[in-house]
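Q: One structure follows; several queries about it will come next.
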Amino acid sequence: MAQAAAAGHATIFEDWGSDVTTFKGVPWGKAMMWIFLLSDTFIFSCFLISYMTVRITAAEPWPNASEVFSLTMFGAPVPLLLIAIMTFDLITSSGTMALAVNYGYRRDKKKAIRFICATAFFGAVFVGMQAFEWTKLISEGVKPWGNEWGAEQFGACFFMITGFHGMHVSAGVIYLLIVAWRLHKGVYDKTNYEIVEIVGLYWHFVDLVWVFIFAFFYLW
Amino acid sequence: MAQAEIPYQEAMPLHHPHSWVTKYWFSQDHKVIAVQYGITAMAVGLIALLASLLMRTQIGFPGAIEWITPDRYYQAVTMHGMIMVIYLLTAFLLGSFGNYLIPLMLGARDMVFPFVNMISYHVYLLSVVILLASFFVPGGPTGAGWTLYPPQAILTGTPGADWGIITMLLSLAVFIVAFTMGGLNYITTILQARTRGMTLMRMPLSVWGIFAATVLGLLAFPALFVSAVMMILDQVIGTSFFMPAIASSFEPSASEYSGGSPLLFQHLFWFFGHPEVYIVALPAFGVVSDLISVHARKNIFGYRMMVWAIVWIGVLSFVVWAHHMYVAGMHPYFGFFFATTTLIIAVPTAIKVYNWTLTLWRANIRFTVPMLFAIAFVITFVVGGLTGLFLGNVIVDVPLSDTYFVVAHFHMVMGVSPILVIFGGIYHWYPKITGRMLNDTVGKLHFWITAVGTYVIYFPMHYLGFVGVPRRYYHNEPLGESAFYPASAELLNQGISIAAFIVGAAQLLFVYNLFVSYWRGRPAGDNPWEACSLEWRTPQTPPIHGNWSDTLPTVHRWAYDYSVPGEKEDFIPQDVPHRA
Amino acid sequence: MAVAIFLLILVVGSVIFTFVSPWWFTDIASNWGGIDTTVLITFWVCGVVFVAVGLFMAYSTWKFRHREGARADYEPENPRLELGLTIVTAIGVVAMLAPGLLVWDDYVNPPADAQEIEVLSQQWRWSFRFPGEDGVLGTVHVKNIRSDNPFGMNPNDPAGEDDVLVAGNRVQLPVNRPYKVLLRSNDVLHDFFVPEFRAKMDAVPGMITYFWFEPTKEGDYEILCAELCGKGHYTMRGFVDIVGQEDFDAWLAAQPTWAQMKAGVTPKAYSALARRGREVAEANGCFACHSLDGSQVVGPTWQGLWGAETALADGSSITVDESYVLESVRAPAAKLVEGFAPVMIAYDAEIISDDDLAALAAFLREDTELAEASTP
Amino acid sequence: MSSEVGQQHPLSLYFWIWGLLFVVSAGSYFTDFMEAGYLRWTLILTFMLVKAGYIVAIFMHLKWERWALIYALLLPPGALLVLMGLMAWESWDYTWLSRVVYFGEDPYPLRCPDAANPNCVPMAH
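Residue numbers (this note's numbering), protein chains in the order written: chain V, -9 to 210; chain L, 17 to 596; chain U, 22 to 397; chain F, 7 to 131.
What follows is the structure in structure tokens.
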């Protein structure tokens, strides 16, 4: 697309100075999703900043995430194993989503639906692994109001941040399935299938958030 | 290209109502939703008004009504503040004015997603219901002050620390969901659904104010949402985000908390709270600019500066939040940073004031009721804005913070001022909404009592603050020979309370006027104020669903072509082409 | 016309009110004259702007009111005028901000010779701690707080042994010495505010905040809590008495140190039942409103209560005995003591059982009796 | 223009990025086996930003959007950086320090031998 960034910074003033639409070629739904994601960025950032604050101010030792989140494999603890698998799972789902968007714009409805469903599947797997992780941690004694290893905010932040992210993933899975179903029924046949890109934006955002959670919660 | 894109909007599917329910209750028409928002906000605002009268009774005449116990007093303080800021001002200025004006002023058929818009109102209604439910839960509503500072908000030394605070936070979270749905619609409509010729720099300032405020809302409410979630967790399941180790003689179970940070809540709250001030102020700025221009029959002075001032105020509002926390025990060096940013924001704000007054210069002022309210707004806002310089200048804030000076300041600047604009706006647009004029005599009576009364209430209050009378005191009786509450101050408080009762009662005139004029008002015609902006150019008054006839209007000029030299009429509407 | 007159009256009236009304700062009693100066600078800058804008509006609304056939000017903008106004405003802002920041720099940097003292706040009373002879305050933690360690002193910190502990809402300070006031809270946010000192700062639980000041005038000054701290917020008052150095030394010497308190210089030989009664009082938060040291907090003090003749709000009087104590817990409003607001909630048997209540009464009786026995 | 609506790019591009994301994630994961220190933090943040950049630029197609949209999305989070910076500063230089000095709480005596020393920076691990 020649309308791309290559067109230069001068387009900023043209676009913002024009009538009818400011974001040229961006459908209403896509504009709305972008703005929503911007707002959601503020929500997740505020969660992460709160986590940073209570962690730095904590006078009790902060439990070591890489030990807490280790799985025993072949008799030896492997740090963050499950988290790594979850990360790869989410990236996989992002890839399938990107393909779905691509096929959507090629008007290859069947393939688009197939890849959306694959994305939803990987998302559901992610939620399942998260449920497993929560169960394991709770049974090991990590509760939102305390744990055995140190600052009680560790558990509180963990459950809150991953829980909020997990809710986004779950909502995303439902959203994906609804879109796939409506696509199948032909609801969007008169449009350009931009709905696939819109749901894709949401899904990639969920993956994006995980990148930050992984770095700041599990690796710090 | 414009021609290529506009059919996208003209072909917009409109869900025309099929029954009473879809016409008035589950309507997808932005104009109906605006009225729904407005009525709900005003109804809940009356509760806030009652709460304030209870407070004034106790402050002016301590013990006169025994029913007002300290618990009830603090609950009234809290509910008054929260309802006014969130459920009345934010909801009215954005939900009602925003919904009504954006599509009409931009020449759009409706909001871009009418269904989401409709849901937005009903979620807002739900948040109001949850809020009102807090009056009936065990322990009553929260009495933590509208800032809801932990730890006290969730410890038993505060009224409503169990159910009251939970319903309050829940209601806020629901409100934020409602606002987000509405706000996404407003922004997308403004950016992507204007009519031909409507560039951003031709938009009326009302839309600019609402636009900037909505952007602020979408970026600031997340901080409140996050703190509400964390405080609910602290209260319900015993996490310690905001709760440090505590030794409370009232609540032994509080000793289960440890390591949290009360300052974190305050930072998050004001990271939301300060933009919130501008969420209320910017739409008011915009609307009042339009009112002044229309009724002074003169273009708004310095339109481009006005727009940039709105934008800069919006941007800066995100880096000034901690001026609410100068004496909150935050990092002492923050004072330098925040005092500087805060006083910088005074410059664009002052420019707006200059431009309003300069619009009056060599104008042709018609003293209609909306204009009266607009002028009263400017002088009230000048007082409120200038006292803001006291509180923003960090060291000056030290003796004045948490005294009646603060109460007087924020009531002037974000209580009375925006409400005067809301009144002005309603008197101005009521003819468009209903097709009838509001009664002028009742309107003027309402104006004079409100304008004079509020000044009498809040101007002297600053001086109580200088004396050192702290705010949020159930009663002020000094323990000994204390200078902070001389007998004369008690007299002053009685006078203020009496003025408050009169102003409170006068609002019934307004409600009366709204109702009676709906049936009995003089028919308004299409454009009673002879205004230029697009909302007065609809084919029908009140506008029908879909607003326009088969084609959308085309805009040729800005919204302020009043008294253009060489023209016969003293106003040229936006969709009139330039002469060849 | 009416609008112009309204604006004129408003401006002139505001100015007259400012100069005529009796309400202004209390006489300053600390070193913070700099604060008053910056307030005055701000006041004058803002006052001039207010009068100028107000009069300009009054004139405009009178001069340019609608007349038949009149027409407004068409003047979209005037860049020179706007730029000029912006520059003038910026100058005014700098004139206010610069001195403000200088004084703030002073405010947040206590002088090296400032003596540290601690103000401990809790719902709804003040206590104070002086560092003792070593000049160092011992470490503290809310986790250490017990009925025999109300300040939460760290029992293992030698620096705390000589700390002087002042319970009750009254404190003395010598005049003309700088103090760095460390603020601590046991429960919620409070704010130590003495209007005559101008200075204030919140006490935040879970951390220590500070401000500094130097009292310059002898006298008794009322302490106000300036941060909403619950339903008893308005009752959270106290006194700072600024006195001469000698008076202060004598007063301080009479206060117990932490070592003395630990050693139990004034031990009280309570019975087991009375000890249980004290625990009941602690568990139910009675001491938030009722002191044992004679200070009147929210409710009447319990010092010397037993057997005392007490005036009631309805004008009658009553002798405090077991039946009165029981009634006052179960139905506090029934016989209200004169001078107190009916703020106490009724504690039914689900909250405080009859046995616990009897223990509480025993504690009250023995507390008074032991105090009388130890007084010569 | 009219026929070319939406985003169409060769599939190979997505497979490339997909693969890169796996590689970067693996790199990110292996920082966990490193010694704590500035190098590790640099790597964590670099991998994080690279990953985030690929997702936003390629998968979310921001790279191909017009500057008007790109700036509208990338500038507002600057406010968050201010919040984050100030909160970090206050947390370690003020709140945490006051807890250590006055409450005698120091869980990391090795990390910070002289708690009153303002140059003593608390670093995790």
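C-beta: ideal position from N, C-alpha, C; glycine also.
All values derive from a computational prediction rather than experimental measurement.
(1) On the DSSP letters alone, give me the boundaries of the alpha helix (DSSP H) that L:H138 sits inside.
(2) Using beta-carbon positions only, say whether L:W545 and L:V310 come within less than 8 Å of one another.
(3) Pairs of beta-carbons, one from the segment 149 to 161 of chain L and one from the segment 227 to 234 of chain U, closer than 8 Å: are there three or more?
(4) With 16 other CB atoms within 10 Å as the buried threshold, where does V:D9 fall?
(5) Are there three or more Cβ pairs, one per stretch, closer than 8 Å when the segment 316 to 323 of chain L is compared with the segment 87 to 102 of chain U?
(6) Counting only Cβ pairs nearer than 7 Å, list the residues of chain V close to F:V62.
(7) Helix, strand or coil for L:W545, going by three-state DSSP, please let me know.
(8) How many Å lie between V:F105 and V:F116 at the Cα?
(9) Using a Cβ-Cβ cut-off of less than 8 Å, give me the residues of the segment 488 to 505 of chain L that come near chain U, in sequence order.
(10) Can you find at least 3 beta carbon pairs, one from the segment 68 to 88 of chain U and one from the segment 295 to 302 of chain L, that sit closer than 8 Å?
(11) According to DSSP, is V:M87 helix, strand or coil?
(12) Between the Cα of V:G190 and those of V:V201, V:F206, V:Y165, spot the shortest distance and give me the residue it belongs to.
(13) Buried or exposed, going by whether 16 or more other CB atoms sit within 10 Å of the CB of V:K175?
(14) V:Y95 CB to nearest chain F CB: under 8 Å?
(15) Can you tell me the Cβ-Cβ gap for L:F402 and U:F71, rounded? I've got them flagged as a contact below 8 Å.
(16) For the segment 57 to 72 of chain U against the segment 503 to 520 of chain L, do three or more pairs of beta-carbon atoms, one drawn from each stretch, fall closer than 8 Å, so that the two count as touching?
(17) With DSSP collapsed to three states, give me the class of L:F526.
(18) Just the C-alpha distance for L:S513 and U:E343, rounded to the nearest angstrom, thanks.
(19) Can you tell me whether L:Y342 is buried or exposed? The criterion is at least 16 other CB atoms within 10 Å of its CB, across all chains shown.
(20) For L:T163, would you say it is in contact with chain V, using Cβ-to-Cβ distances shorter than 8 Å as the test?
(21) Would you be able to state if there are at least three C-beta pairs under 8 Å between the segment 182 to 200 of chain L and the segment 134 to 150 of chain L?
(22) Name the DSSP bridge partner or partners of U:Y231?
(23) If I follow the unbroken alpha helix (DSSP H) through U:L245, where does it start and stop?
(24) Starting from U:I339, trace the beta strand (DSSP E) in both directions and tell me its first and last residue.
(25) Is it the case that the segment 246 to 259 of chain L contacts the segment 206 to 224 of chain L, given that we only count it when at least three CB pairs across the two stretches are under 8 Å?
(26) Expressed to the nearest angstrom, what Euclidean distance is found between the alpha-carbon atoms of F:L86 and L:F334?
(27) Taking 7 Å as the cut-off, is the beta-carbon of L:P544 closer than that to any non-hydrogen atom of the ligand GDP?
(28) Please check the pair L:G8 and V:E138, which I expect to be a contact at CB under 8 Å, by giving their CB distance rounded to whole angstroms.
(29) In whole angstroms, what is the alpha-carbon distance linking U:G325 and U:F384?
(30) Three Cβ pairs or more, each shorter than 8 Å: is that satisfied between the segment 17 to 31 of chain V and the segment 67 to 84 of chain F?
(31) Identify the residues that DSSP records as bridge partners of U:N170: which are they?
(32) Checking the sheet assignment: what are the DSSP bridge partners for U:M222?
(33) Quick one: is L:H594 buried, meaning 16 or more other Cβ sit within 10 Å of its Cβ, or exposed?
(34) For F:G84, which of V:S35, V:F206, V:I151, V:P134 has the nearest alpha-carbon?
(35) Pop quiz: L:F287 and L:A236 are said to be a contact at Cβ under 8 Å. What is the actual Cβ separation, rounded to whole angstroms?
(36) Give a yes or no on whether the minimum CB-CB distance between L:D306 and chain U is below 8 Å.
A: Looking at the coordinates:
(1) 130 to 149 is the span of the alpha helix (DSSP H), which, as asked, contains L:H138.
(2) A contact, by the Cβ cut-off of 8 Å.
(3) The segment 149 to 161 of chain L, when compared against the segment 227 to 234 of chain U, does not touch it at the 8 Å Cβ threshold.
(4) Taking all protein chains in view, the Cβ of V:D9 is crowded by 16 or more other Cβ atoms within 10 Å, so the residue is classified as buried.
(5) A contact exists between the segment 316 to 323 of chain L and the segment 87 to 102 of chain U.
(6) Within 7 Å of the CB of F:V62, the CB atoms of chain V belong to L198, in sequence order along the chain.
(7) Under the three-state reduction of DSSP output, L:W545 falls in the coil class, being neither helix nor strand.
(8) Using only the alpha carbons, I get a separation of about 16 Å.
(9) Answer in chain order: R488, Y489, Y490, H491, N492, P494, L495, G496, E497, S498, A499, F500, P502, S504, A505.
(10) No, because fewer than three Cβ pairs between the segment 68 to 88 of chain U and the segment 295 to 302 of chain L fall closer than 8 Å, the two stretches do not touch.
(11) Note: V:M87 maps to helix in three-state DSSP.
(12) For the residues V:V201, V:F206, V:Y165, the minimum Cα distance to V:G190 belongs to V:Y165.
(13) Classification of V:K175: exposed, given that the 10 Å Cβ count is below 16.
(14) Cβ-Cβ to chain F under 8 Å: yes for V:Y95.
(15) Correcting the residue identity first, residue 402 of chain L is Leu in this sequence and not Phe. Right, the Cβ-Cβ distance comes to about 6 Å (below 8 Å), so this counts as a contact.
(16) With the cut-off at 8 Å, the segment 57 to 72 of chain U and the segment 503 to 520 of chain L do not touch.
(17) Residue state, collapsed to three classes: helix.
(18) Their backbone Cα atoms lie some 44 Å apart in a straight line.
(19) Burial call: buried.
(20) Closer than 8 Å: no.
(21) The answer is yes - the segment 182 to 200 of chain L touches the segment 134 to 150 of chain L, with three or more Cβ pairs under 8 Å.
(22) Among the bridge pairs identified by DSSP, U:Y231 is matched with U:L203.
(23) For U:L245, there is no enclosing alpha helix (DSSP H); the residue is found in the beta strand (DSSP E) stretching over 240 to 246.
(24) Note, U:I339: beta strand (DSSP E), 338 to 340.
(25) Taking one beta carbon from each stretch, the segment 206 to 224 of chain L and the segment 246 to 259 of chain L have fewer than 3 pairs nearer than 8 Å; the two do not touch.
(26) One alpha carbon belongs to F:L86, the other to L:F334, and they sit about 9 Å apart.
(27) As presented, the structure is devoid of all ligands, the ligand GDP included, so that no description of it is given.
(28) Since the displayed chain L opens at 17 and closes at 596, residue 8 of chain L lies outside it and no answer follows.
(29) Straight-line Cα distance between these residues: approximately 12 Å.
(30) Between the segment 17 to 31 of chain V and the segment 67 to 84 of chain F there are three or more C-beta pairs closer than 8 Å, enough to call the two in contact.
(31) DSSP, once it has assigned bridges, lists U:R167 as partnering U:N170.
(32) When DSSP reads this structure, U:M222 sits in a beta bridge with U:F213.
(33) By the 10 Å Cβ count, L:H594 comes out exposed.
(34) The shortest Cα separation from F:G84 among V:S35, V:F206, V:I151, V:P134 belongs to V:S35.
(35) Yes, L:F287 and L:A236 are in contact; Cβ-Cβ is about 7 Å, under 8 Å.
(36) Not closer than 8 Å to any Cβ of chain U, the Cβ of L:D306 fails to qualify, so no.
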